[in-house]
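Colleague: First the structure, then my questions, so here it is.
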Amino acid sequence: MSPTARVLFGGAIIARIPENLIDASELPNSPPVPDTQELLLYPNYDISVIIEILQGVESQDLDPARFHFDALAHDNSALDGKVDSVSVITEEKSDPSIRKSLALVGTQYIQRQRDAPPDEVRIAMGVIQIRKQITEREDICNDLVVTFNVPIKSAGEEGWATADRDFKALVASLQIMDYGLFVPRSST
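When the letters of the sequence shown are read in order and numbered with full-length UniProt numbering, they come out as residues 1 to 188.
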């Protein structure tokens with residue numbers, strides 16, 4: 001299914017996303033999705049898409065994409081992980097509040113069941129660094145992180161190809177419509 005414009009975070013962000021993806025917050029008996037996240041699921045594959053607002057990585061010494069990939073590996077209790085590539089995302093529409101947009105492709109090995117071999121989960125991650133001066137004493141410093149999690153055992157190469165295509169469409173088309181979504185920080 002081809003991507004179409006879809007609103008996220010109550011309309012504060014718009015991006016091209018396949019219309020058949022399921023909003024996990026609308027599923028009965030699903031745990032609540034935090035206000036800082038959107039969780040979408042593919043109906044035909046065991047693939048999840050997480051779009052989340054995180055504190056911005058400010059250090060000049062850190063690659064923000066690798067930083068967020070490593071944080072995800074930690075959160076997933078990954079046994080191992082590797083980054084295959086990091087590249088710059090070319091946006092369809094320029095936004096002066098976006099400092100840098102990076103795309104990372106990597107793999108994490110996650111032990112889901114004690115007696116089973118670890119799952120190979122291929123990751124496509126976009127890190128959009130949002131920096132905007134609001135007032136003389138307030139600014140926005142967030143990273144919008146888009147993560148496609150693709151378990152290769154269940155989704156296969158076909159699932160990965162679908163997710164990779166959809167990931168590229170989403171991160172290239174992402175537009176911030178309302179900066180009120182982000183909480184400004186004070187610089188006193």
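Built from N, CA and C at the ideal position, the CB exists for glycine as well.
All values derive from a computational prediction rather than experimental measurement.
(1) Can you tell me whether residue 18 is buried or exposed? The criterion is at least 16 other CB atoms within 10 Å of its CB, across all chains shown.
(2) If you compare alpha carbons, which of 23, 173, 97 is closest to residue 221?
(3) In angstroms with no decimal places, state the Cα-to-Cα distance between residue 177 and residue 170.
(4) Starting from residue 186, follow its DSSP beta bridges and name the residues at the other end.
(5) Rounded C-beta distance between residue 185 and residue 139? I'm assuming under 8 Å.
(6) Go through its chain and collect everything with a Cβ distance to residue 54's Cβ below 6 Å, but skip five positions before and after it.
(7) Use the C-beta contact count for residue 4: other C-beta atoms within 10 angstroms, 16 or more gives buried, fewer gives exposed.
(8) DSSP puts residue 124 in a beta bridge; with which residues?
Modeller: Looking at the coordinates:
(1) buried
(2) This structure gives no information on residue 221, because the portion of the chain shown stretches from 1 to 188.
(3) 15 Å
(4) 138
(5) 6 Å
(6) 143, 145
(7) exposed
(8) 105, 148
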